[in-house]
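Asks: Throughout the sequence shown, residue numbering follows this note's numbering, covering 128 to 468 in sequence.
Sending over a structure as structure tokens; questions will come in a sec.
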Amino acid sequence: MKYPPTAIASRFMTLERHIEEGKRLHPGATGEFSRLLHGLSLAAKLVWREVTKAGLVNILGATDRTNTSGDVVKKLDEFADETIYKAMDHVGHLCVMASEENEDLLHIPEQYPHGKYVLVYDPLDGSGNIDANVTIGSIFSIHKRITASGKGTLQDVLQPGCKQAAAGYVLYGSSMMFVYSTGQGVHGFTLDPTVGEFLCSHENIRIPQRGQIYSVNEGNFNRWEPAMQRYLQYLKQEDESTSRPYSARYIGSLVADVHRTLLYGGIYCYPGDRKNPNGKLRLMYENNPLAYIVEQAGGAASNGKQRILDIKPETLHQRTPLFIGSIEDVKLAEEFLSGKR
Ligand code: AHM
Ligand code: MG
């Protein structure tokens, strides 16, 4: 044989194959979980198709506009919301869904079978950036249901992040990426648009123990509590022995900011402030799935006092502060916020 099999395998590891191989690590796996991930990757491609057209067609307008074919034009975030729901509602393995775009639970239509998993998603995070062609993303979280059968309930959805069975995000950037974890490390796939396949580009991502980048909306500085202000000032002080000052990077698209943090290390913060004591980001749709990913890569995620994944959610759209990234950076932030430094 001309090429050794392992070389070919690592070059052409598709997302589909990766999911299938992962299934073998779980002897009792029925394949339902794999089909969920396939469904999500298809939904992601459908969203990406519209995202890439965003500058070409009049898709950014109000929902009541009509496009040249006479279809009602949807905003991209509403399109993404509906696309993910419709790609997943008939798969047969979900009992209920919840989306950041919807106040209430999204039930599975009666005519389709109900399964044992719950899907929670943020269809298009950072959508405020669409008009400027800045990277945006989708985030997803999968839990196993708690109730026995039939329609899923709020109880199935409101589980702490540590109970997630899988989580991931999709990045619509200069290329499109699908990053996911089922509790066996974090793996990143880049779409090859010429063949329509996600190919493994980032096997087993590990976040550096400590970084030199902080990412926060510093425009809110004067609203922060003094401890948070002191922490930021510390990061900006010059001290070669602790590699300070840190560099500042803030895209304002959570998925993109967290993705960079995952690869380069450092910390992303969305703290509480005088106006919004719990910050802006939502526990179920944003913080939990990203915390799961970053922990799986060897990092940490905290609300400043407590591990994000340990928080018991009380409501669907609850917000929490978020400090996420390299383990040492998150620990340092916690020390400042608890007044230990
Ligand atoms: P969204 O879900 O409505 O898009 O809001 C979340 C976004 C995140 O992507 C981003 O990190 C954050 O809001 C930016 O907020 P701010 O503009 O306050 O810095
Ligand atoms: Mg969001």
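Think of the CB as a built atom: it goes at the ideal place given N, C-alpha and C, for glycine as much as any other residue.
Any idea what DSSP makes of Gly315, helix, strand or coil?
Replies: Translated into positions along the sequence shown, residue 315 becomes position 188. Reduced to three states, the DSSP call for Gly315 is strand.
Asks: So the beta strand (DSSP E) Glu324 belongs to, where does it begin and stop?
Replies: For the purposes of this step, residue 324 is identified with residue 197 of the sequence shown, where counting begins at 1. Looking at the DSSP string, the run of the beta strand (DSSP E) that includes Glu324 is 324-329.
Asks: Suppose you measure from the CA of Leu459 to the CA of Gln356; what does that come to, to the nearest Å?
Replies: The residue given as residue 459 occupies position 332 in the sequence shown. The residue given as residue 356 occupies position 229 in the sequence shown. Taking the straight line from one Cα to the other gives about 13 Å.
Asks: Quick one: grab the DSSP three-state call for His474.
Replies: It is not possible to answer for residue 474, since the shown part of the chain is limited to 128 through 468.
Asks: Can you check whether the CB of Gln423 is closer than 9 Å to the CB of Gly310?
Replies: Position 183 of the sequence shown holds residue 310. Position 296 of the sequence shown holds residue 423. Cβ distance < 9 Å, so Gly310 and Gln423 count as in contact.
Asks: Compute the Euclidean distance between the alpha carbons of Ile420 and Arg337, then round it to the nearest angstrom.
Replies: As a position in the sequence shown, residue 420 is number 293, starting the count at 1. As a position in the sequence shown, residue 337 is number 210, starting the count at 1. Going from the Cα of Ile420 to the Cα of Arg337 covers about 17 Å.
Asks: At the level of alpha carbons, what is the spacing between Glu352 and Val178?
Replies: Sequence index remark: in the sequence shown, residue 352 carries index 225 (1-based). Sequence index remark: in the sequence shown, residue 178 carries index 51 (1-based). Going from the Cα of Glu352 to the Cα of Val178 covers about 38 Å.
Asks: If you check the beta carbons only, do Tyr244 and His270 fall under 9 Å apart?
Replies: By one-based count along the sequence shown, residue 244 stands at place 117. By one-based count along the sequence shown, residue 270 stands at place 143. Between Tyr244 and His270, the C-beta spacing is below 9 Å.
Asks: Please state whether DSSP places Ala170 in a helix, a strand or coil.
Replies: The residue given as residue 170 occupies position 43 in the sequence shown. Three-state DSSP puts Ala170 in a helix.
Asks: Counting pairs of Cβ atoms below 8 Å between the stretch 208-217 and the stretch 332-346, do you hit three or more?
Replies: no
Asks: Strictly by DSSP, which residues pair up with Thr388?
Replies: By 1-based counting over the sequence shown, the position of residue 388 is 261. DSSP lists no partner for Thr388.
Asks: Looking at the ligand AHM, does it come within less than 8 Å of Asn344, judged from the CB to the closest heavy atom?
Replies: Taking the sequence shown and counting its residues from 1, the one referred to as residue 344 is at position 217. Yes.
Asks: Looking only at its own chain, which residues have a Cβ that is under 7 Å from the Cβ of Gly300, when we skip the five neighbours before and after it?
Replies: Along the sequence shown, one-based indexing puts residue 300 at 173. The answer, listed in chain order, is Thr262, Ala383.
Asks: Are the CB atoms of Ile451 and Pro287 nearer to each other than 9 Å?
Replies: As a working note, residue 451 is residue 324 in the sequence shown. As a working note, residue 287 is residue 160 in the sequence shown. Contact: no.
Asks: Would you kindly work out how many angstroms separate the C-alpha atoms of Glu324 and Leu142, rounded to a whole number?
Replies: Taking the sequence shown and counting its residues from 1, one reaches residue 324 at position 197. Taking the sequence shown and counting its residues from 1, one reaches residue 142 at position 15. About 8 Å.
Asks: Any heavy atom of the ligand MG closer than 8 Å to the beta-carbon of Ile257?
Replies: Start at 1 with the first residue of the sequence shown, and residue 257 comes out as number 130. No.
Asks: Can you tell me whether Phe463 is helix, strand or coil according to DSSP?
Replies: On the sequence shown, residue 463 is found 336 positions in, with the first residue counted as 1. Note: Phe463 maps to helix in three-state DSSP.
Asks: What residues match up with Ile340 in a beta bridge as DSSP calls it?
Replies: One-based indexing of the sequence shown puts residue 340 at position 213. Ile340 pairs with Ser374.
Asks: Measuring alpha carbon to alpha carbon, tell me which residue in Glu413, His165, Met140, Gly149 is nearest Tyr395.
Replies: Residue numbering aside, residue 395 sits at position 268 when the sequence shown is read from its first letter. When each option's Cα is compared against that of Tyr395, the closest is Glu413.
Asks: Could you name each continuous beta strand (DSSP E) segment of 3 residues or more that falls completely within the stretch 393-465, going from the start of the chain to the end?
Replies: 394-397, 427-429, 449-452
Asks: The alpha helix (DSSP H) that contains Val284, what's its start and end?
Replies: Within the sequence shown, numbered from 1, the residue matching residue 284 stands at position 157. Start and end: 281-284.
Asks: For Val457, which residues from the same chain have a beta carbon less than 8 Å from its beta carbon, with the 5 sequence-adjacent residues on both sides left out?
Replies: The sequence position of residue 457 within the sequence shown is 330, counting from 1. Contacts found: Ile394, Gly426, Ala427, Ala428, Ser429, Phe450, Ile451.
Asks: According to DSSP, is Pro250 helix, strand or coil?
Replies: In the sequence shown, residue 250 corresponds to position 123, counting from 1. Strand.
Asks: Anyone know if the C-beta pair for Glu230 and Leu443 falls short of 9 Å?
Replies: Taking the first residue of the sequence shown as 1, we reach residue 230 at position 103. Taking the first residue of the sequence shown as 1, we reach residue 443 at position 316. Yes, the Cβ-Cβ distance between Glu230 and Leu443 is below 9 Å.
Asks: Using only the alpha-carbon positions, how far apart do Cys327 and Arg176 sit?
Replies: The sequence position of residue 327 within the sequence shown is 200, counting from 1. The sequence position of residue 176 within the sequence shown is 49, counting from 1. Between Cys327 and Arg176, the C-alpha separation is close to 20 Å.
Asks: Let's see if you can read the secondary structure: which residues bound the alpha helix (DSSP H) around Leu203?
Replies: Taking the first residue of the sequence shown as 1, we reach residue 203 at position 76. First-last of the alpha helix (DSSP H) with Leu203: 203-215.
Asks: Is Glu413 near the ligand MG - that is, is its Cβ less than 8 Å away from at least one heavy atom of it?
Replies: For the purposes of this step, residue 413 is taken as the residue at position 286 of the sequence shown. Answer for Glu413: yes, Cβ within range of the ligand MG.
Asks: Taking 8 Å as the cut-off, is the C-beta of Ile266 nearer than that to any heavy atom in the ligand MG?
Replies: Position 139 of the sequence shown, counting from 1, holds the residue named residue 266. Yes - the ligand MG has a heavy atom lying nearer than 8 Å to the Cβ of Ile266.
Asks: Excluding sequence positions up to five away, which residues of its chain have a Cβ less than 6 Å from the Cβ of Lys467?
Replies: Here residue 467 corresponds to residue number 340 of the sequence shown, with the count starting at 1. Nothing listed; no residue qualifies.
Asks: Under 9 Å, do Phe316 and Ala294 count as touching if we go by C-beta distance?
Replies: The residue you call residue 316 lines up with position 189 of the sequence shown. The residue you call residue 294 lines up with position 167 of the sequence shown. The answer is no: Cβ separation not under 9 Å.
Asks: Take Ser196 and list the residues in its own chain whose beta-carbon comes closer than 6 Å to its own, dropping the five residues that flank it on each side.
Replies: Position 69 of the sequence shown, counting from 1, holds the residue named residue 196. For Ser196, the predicted model reports a pLDDT of 41, less than 50, meaning its position is unreliable; a value from the coordinates is still stated below. If we look at Ser196 and ignore the five residues flanking it on each side, it has no Cβ neighbours.
Asks: Do Gly310 and the ligand AHM come close, with the Cβ less than 8 Å from some heavy atom?
Replies: Translated into positions along the sequence shown, residue 310 becomes position 183. For the ligand AHM, not one heavy atom lies less than 8 Å from the Cβ of Gly310.
Asks: What is the DSSP secondary structure of Ser308, reduced to helix, strand or coil?
Replies: The residue you call residue 308 lines up with position 181 of the sequence shown. If DSSP states are grouped into helix, strand and coil, Ser308 belongs with the strands.
Asks: Rounded to whole angstroms, what's the CA-CA distance from Ser465 to Gln433? Just pull it up for me.
Replies: On the sequence shown, position 338 is the one that residue 465 refers to. On the sequence shown, position 306 is the one that residue 433 refers to. Looking at the two C-alpha atoms, the distance is approximately 11 Å.
Asks: So, with DSSP's three-state summary, where would you put Leu152?
Replies: Reading the sequence shown from its first residue, position 25 is the one you call residue 152. Of the three classes helix, strand and coil, the one that applies to Leu152 here is coil, per DSSP.
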